[in-house]
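Just below is one structure, and these are the notes that go with it.
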Amino acid sequence: MIKDLLRGQHIETPSWAYGNSGTRFKVFAQPGVPRDPYEKIADAARVHAFTGVAPTVALHIPWDRVDDYPGLAAHAAELGVRIGAINSNVFQDDDYRLGSVTHPDPAVRRKALGHLLDCVDVMDQTGSDTLKLWFSDGTNYPGQDDIRARQDRLAEALQAVYERLGEGQRFLLEYKLFEPAFYTTDVPDWGTAYAHCLRLGDKAQVVVDTGHHAPGVNIEFIVAFLLREGKLGGFDFNSRFYADDDLMAGAADPFQLFRIMYEVVRGGGYGPGVAFMLDQCHNIEPKIPGQIRSVMNVQEATAKALLVDRDALAAAQRAGDVLGANAVLMDAYNTDVRPLLAELREETGLDPDPMAAYARSGYFEKICAERADGAQAGWGA
Ligand code: RM4
Ligand code: MN
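Right under this line is the structure:
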């Protein structure tokens, strides 16, 4: 049964993970990097080909702007993948220096809202059912703007986007503690995101980016709470040591990823309603293997979460057996699930070792040769 559940897992990779990225100090270009969204999707399709559980790829607009979105979706389908969430980007235009949808100037707010609505058009044209909203809006200095008025402006924009959503479409509101704003952030935490989504209705849900919390925050509690309220729309998985590091999921703290996945499983979130997306950048490591590794890390955490003996755990909890309950959880976490996942891949006709299979495939050498000319895609920072 666990194998069936794992076979059906769906982890979405982000188009931007395949492009060049870096820190505010330096973007290191890598060989073979895609030059356009078509090539990014081709790389995402390789991740799916070797893992079997990454059938969709998220787009970021305007980084992935094309003239023909139905054509882009058809290109994805030809390669065996689909378009996943559409990510809006209202943080890279000079007009957004003081904010986007919360900007004090109504003209800038209108422009930002226009972009969000355009993203819904992209959803219509690509068959995507999810819009992901992240706002860099905030202030740097006390007194800079009216904190409360900015919430009103945010609510107004969210309402307009909500009303534009079609049948079967939803938006996920993402929160982030700080950065680029350092004093106030307009959607800094899950509570703010939750309150806005709650007012709007079922088509508005919260997305938890695992890198967007203060150190020490108990993310699995947030997950349990949001799931219980039907407001957990998905994850942006990545890992962090300090701030929003966007490192490979499960790299910094695999135990935390397991605890999160356990609450997902426990709360009935392991299914189509909750999107398991990666939001990462591979600044120094090769990108496609970085994604494969991350997908495998999420798979391993999920397998361990599914292995938890929930009856034994509930019995220990009822009996107030603190050590016993903790041991049930730790037993699952300490189980080596790699043989199980290797077996599962073999049963589905995949190579048991996706990393090695990718390395042997010659794809990297091929893209390095094919993509030697032209401008590489990057996050445009
Ligand atoms: C933000 C946030 C968004 C992502 C951008 C690139 O910090 O995590 O999800 O789209 O970065
Ligand atoms: Mn994110």
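Residues in the sequence shown are numbered from -13 upward in steps of one, following this note's numbering. A virtual CB, placed ideally from N, CA and C, is assigned to each residue, including glycine.
Asked, Found
"Closer than 6 Å: W49 CB and nearest the ligand RM4 heavy atom", "no"
"Under the three-state DSSP convention, the category R10 falls into", "coil"
"Contacts around A300, its chain only, beta-carbon distance under 8 Å, and the 5 residues preceding and following it disregarded", "none"
"Closest by C-alpha distance to H198, when choosing among A313, D265 and A342", "D265"
"Contacting residues, own chain, Cβ-Cβ under 8 Å from D295 (five flanking each side not counted)", "V314, D317 and A318"
"N- and C-terminal bounds of the alpha helix (DSSP H) containing A345", "P340 to S347"
"Close-in-space but distant-in-sequence residues of the same chain around D115 (CB under 8 Å, 5 per side omitted)", "M109, G154, Q155 and R156"
"Q191: first and last residue of the uninterrupted beta strand (DSSP E) it sits in", "A190 to D195"
"Whole-angstrom distance between A3 and V13, CA atom to CA atom", "13 Å"
"C-alpha distance - R136 paired with D172, whole-angstrom precision", "7 Å"
"Within 7 Å, strictly: CB atoms of S74 and L45", "no"
"Contacting residues, own chain, Cβ-Cβ under 6 Å from K368 (five flanking each side not counted)", "The requested residue 368 does not occur in the structure, where the chain is confined to residues -13 to 367."
"Other residues of its chain near D104: CB distance less than 8 Å, five sequence neighbours each side excluded", "I47"
"Cβ-heavy atom distance, D138 to the ligand MN, below 6 Å", "no"
"Distance between beta carbons of H(-4) and P41, contact taken as under 8 Å", "6 Å"
"Segment contact flag, the segment 142 to 153 with the segment 162 to 178, C-beta cutoff 8 Å, min 3 pairs", "no"
"Extent of the continuous beta strand (DSSP E) to which G310 belongs", "Premise fails: G310 lies in the alpha helix (DSSP H), V308 to Y319, not in any beta strand (DSSP E)."
"Expected contact under 8 Å - CB spacing of I205 and V194 to nearest Å", "7 Å"
"Distance between A302 and V106 (C-alpha atoms, nearest Å)", "48 Å"
"Residue environment, P0, which counts as buried when at least 16 other CB atoms sit within 10 Å", "buried"
"Where the beta strand (DSSP E) containing I(-3) begins and where it ends", "I(-3) to P0"
"Length of the line joining the Cα atoms of R245 and P272", "28 Å"
"Proximity test, D222 beta-carbon vs the ligand MN heavy atom, cut-off 6 Å", "yes"
"Nearest to K217 (by Cα), restricted to the options T196, G5 and A261", "A261"
"Near the ligand RM4: W120 beta-carbon under 6 Å from a heavy atom", "yes"
"DSSP three-state assignment for K217, whether helix, strand or coil", "coil"
"Host beta strand (DSSP E) of W120 (start-end)", "T116 to W120"
"G202 to Y228 span [Cα, whole Å]", "10 Å"
"Any non-hydrogen atom of the ligand MN closer than 6 Å to D123 Cβ", "no"
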